[in-house]
Amino acid sequence: MTTTDIMTIATRPRVENRPIRRILGRPETGALVAALAVMIFFSVYTTTFLTLPGAGVWLESASTFGIMAVAVALLMIGGEFDLSAGVMTGFTALVVGILTTQFGVNIWVAAIVSLAVALAIGALNGYVVMRTGLPSFIVTLGTFFVLAGADLAVTKLLTGQVAIQGMTKVPFYDSIAAFFGSSLTIGGGVFYISVVWWIVVTIIATWVLLRTRAGNWIFAVGGALNSSRQVGVPVMKTKVGLFMTTSGAAWLVGMISLFRTSTVQANTGVGQEFIYIICAVVGGCLLTGGYGSAVGAALGALIYGMVFQGITFAQWDTNWLRTVLGGMLLLAVFLNHWVRRRATGGSR
Amino acid sequence: MKRLFTGIGIVAVAGILLTACSGTGQATNSANPNGAKYTYAVITHSGPGDAFWDRVKSGAEAAGSNYGATITYNADPDPAKQSQLIDNAVAQKVNGIVVSMANPEGLKTSIKAAVAAGIPVVTINSGIEESAAYGAITHIGQSETVAGQAVGNKLNDSSLNNVLCVIQEAGNVGLEQRCKAATSTFKGTMTNLQVDGTNDSEVKATIKSKLQADPSIDGVLTLGGQYALDAVGGVSESNSTAKVATFDLSEDVVADVQAGTILFAVDQQPYVQGFLGVTALFLDSTNGNIIGGGQPVYSGPAFVTKDNAAQVAQFAKNGTR
């Protein structure tokens, strides 16, 4: 039971005694209902949405958002934000692109170097936030701008261009692309391996949250920072670890994006960080921390991917795309909120 | 309890609306199974609210309504997402795809998949070099190199010496090419200036401070119509005497060319790219014709100067030039 950590003793028995309430009280229930609603809507409204080729498209669209949303959800449960998460996906891919195409570094080594750099930046984010006590919103906003500028400046300086070109000619490209960019065709539908990564990341995150000591620490530091420090939770370690998890996930998404398209632009990922947060919130995370779920965030990303591609399948005028998207997301959040309040908040 | 009933009411109404909608959705979709009507997807790398791409869209839609074809327009500047939009069109089994390739390598897999699925592809705007290799039937656009070189010469004619080349979108290979090509024929010095194209007031401020920092700058070359207006503002606010020239048009740019505040504008005729892109697919669908026989078809450059601005102004007012 994920939510027991922040529940008062008085409410706990009541919830646990009613199985339906227990299910409804889980953070991901609202997102699951909303996801089903969106899926049914587009399946009925369009002819291609619920075919294998259609599903391949919206699953791929959801997968990279999903990986990040799960990591960002863990971080948000732990009470922090990471606004550099979006630009980090471009940054990690650019590191690999530049090291291989400009300096001839082995592509596997370059990928590992990129991961190390990403983890270091994540650790730095966490360390600065914890040491200074500044809001992570501000600290990571700074990192976001530093990285966005560096992406453009360094790429231009070293390659003379603003996008990595010629990745496919790098030796051993195919050997690594198989792990991040390969796809499987089933019944005319193309399914990318990123979907597998998405599922794996969600399972691992769920297991950590619900079955390990680290999971309890995450809920504790996000729900009640001072109390958890007093009872001996390693606050610094937990939070730094969460920031590193986020930047590690950004590396994974960066690799997926790089080897899916064999190119990366200096502006890749900029602005995506809010979508990750939206997915996590749709999935039941609270902006205040201490509550949420990895499965919920994955479902939030699924909703986003389905709406995003569903609008295209529906052949609506895409000038309205963002408006429709915003409206659907608000609806999802309302539904989610309503379901949860029905479950935990009495009869109102 | 009251809220619960309101909630149920909303869900019920929404349910009825959805059922009603699904009826029409089925009807339009089943209207064109036997090839009487065509559906073409136009997928560009535009960001939201871009004036240039709105003209491409207008052109494509005008052609679509002329030919009785359905046009769906989608855009995303991120190549991974643009690829997904292409995959989406393939999944819908459209009759043809018009695509712009700002970063061709990023779209390669998806475009080749579309071609392999038997869907004819026409590339427009950028990606002229890769178009044929990826299996597109033709390319309609302006060679950035040819246009850039022509601009460099035109700047020489106006005897300018120190020109800024304003790049509004980081990561767009085509924009970089324009500046590079203009630099190659321009006899003076040309410096690139990177600005945030999604924020016009910041573009103006950046140009203004650059002009104040270096009074010897006597020309500003912008790469999009709306940025020329920012540059004109920046020039007047910094009391500089720099002349503004620009790629691409808008109604205001034409007015400024008429008034003499903008020296000239290079029109790559986006409306033509949208219109001809769809036309190329339509001719292929109905008559097996390939415009240009597989060779790229140039939509520009056409120069708008004080001499012909009045004529162009009429069309710019309609949002088609």
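Chain order of the listed sequences is A and B. Mapping the first sequence onto our numbering, position 217 (from 1) lands on 217, and the numbers just tick up by one. Mapping the second sequence onto our numbering, position 171 (from 1) lands on 171, and the numbers just tick up by one. Here a beta-carbon is modelled for each residue, glycine too, at the ideal position from N, C-alpha and C.
Opening and closing residue of the alpha helix (DSSP H) in which Gln194 (chain B) lies: Element bounds for Gln194 (chain B): not the alpha helix (DSSP H) but the beta strand (DSSP E), 189 to 194.
Residues near Asp267 (chain B) in its chain [Cβ-Cβ closer than 8 Å; skip 5 each side]: Asp248, Leu249, Gly300, Pro301, Ala302, Phe303, Val304, Val312, Arg321
Range covered by the beta strand (DSSP E) that runs through Asp267 (chain B): 262 to 267
Cross-strand partners of His139 (chain B) (DSSP beta bridge): B:Thr123
Interface flag, Gly35 (chain B) vs chain A, CB-CB below 8 Å: Residue confidence for Gly35 (chain B) is low, a pLDDT of 46 falling below 50, so the modelled location carries little weight and cannot support an answer.
Beta-bridge pairing of Tyr40 (chain B) - partner residues as DSSP gives them: B:Ile71, B:Gly96
Inter-residue Cα distance where the pair is Ala117 (chain B) and Leu276 (chain B): 23 Å
Contact set between Gly66 (chain A) and chain E, taken where Cβ atoms lie within less than 7 Å: Of the chains in the structure shown, none is chain E; the protein chains are A and B.
Distance, Asp151 (chain A) Cα to Phe144 (chain A) Cα: 10 Å
Local Cβ density within 10 Å of Leu157 (chain A), reported as buried at 16 or more and exposed below that: exposed
CB contact below 8 Å: Val146 (chain A) versus chain B: no
Spatially closest choice to Gly241 (chain A) from A:Leu330, A:Val295, A:Phe313, A:Leu124, by CA coordinates: A:Leu124
Buried versus exposed, by CB contacts within 10 Å (16 or more), Trp251 (chain A): buried
Alpha carbon of Tyr276 (chain A) to alpha carbon of Gly232 (chain A), nearest angstrom: 31 Å
6 Å CB neighbourhood of Val70 (chain A) in its chain, flanking five on each side removed: Val201, Thr202, Ala205, Ala294, Ala297, Ala298
Under 8 Å between C-beta atoms of Ile107 (chain A) and Tyr192 (chain A): no
Beta-carbon proximity check, Val253 (chain A) vs Ala113 (chain B), cutoff 8 Å: no
Short CB-CB distance (under 8 Å) between Phe313 (chain A) and chain B: yes
Inter-stretch contact at 8 Å, needing at least 3 Cβ pairs: the region 138 to 146 of chain B / the region 206 to 222 of chain B: no
Chain A contact residues for Lys108 (chain B), given Cβ-Cβ distances below 9 Å: Thr168, Thr261, Ser262, Thr263
Rounded separation between Thr350 (chain A) and Pro53 (chain A) - CA only: Residue 350 (chain A) cannot be examined here, being either before or after the span of chain A that is shown, 1 to 348.
Proximity below 8 Å, CB of Thr44 (chain B) to CB of Ala75 (chain B): yes
Contacts of Ser175 (chain A) in chain B (Cβ-Cβ under 9 Å): Neighbours of Ser175 (chain A) on chain B: none; closest Cβ ~17 Å, over 9 Å.
Selection of the region 137 to 162 of chain A by Cβ proximity to chain B, strictly under 7 Å: Leu152, Gln161, Val162
Residues near Trp316 (chain A) by beta carbon distance below 8 Å, same chain, minus five either side: Val324
Residue nearest to Ala60 (chain B) in terms of C-alpha spacing, selected from B:Asp78, B:Tyr40, B:Gly219: B:Tyr40
CB contact flag (Tyr73 (chain B), Lys57 (chain B), <8 Å): yes
Residue of B:Thr286, B:Leu229, B:Gln149 minimising C-alpha distance to Ser184 (chain B): B:Gln149
Spatially closest choice to Asn199 (chain B) from B:Leu175, B:Gln226, B:Gly293, by CA coordinates: B:Gln226
DSSP beta-bridge partners of Phe303 (chain B): B:Val266
Reduced DSSP category for Ile164 (chain A) - H, G, I as helix; E, B as strand; rest coil: coil
Partners in chain B for Gly54 (chain A), counting only beta-carbon separations shorter than 9 Å: Asn88, Ala91, Gln92
Simplified DSSP assignment, three categories, for Cys165 (chain B): strand
Beta-carbon contacts of Gly352 (chain B) that lie in its chain and below 7 Å, excluding the five residues immediately before and after: Summary: the structure shown does not reach residue 352 (chain B), with chain B confined to residues 1 through 321, and so no result is reported for it.
Of the residues B:Ala309, B:Leu223, B:Gly294, the one placed nearest Asp50 (chain B), counting alpha carbons only: B:Leu223
Val307 (chain A) classed as buried or exposed, judged by whether at least 16 other C-beta atoms fall within 10 angstroms: buried
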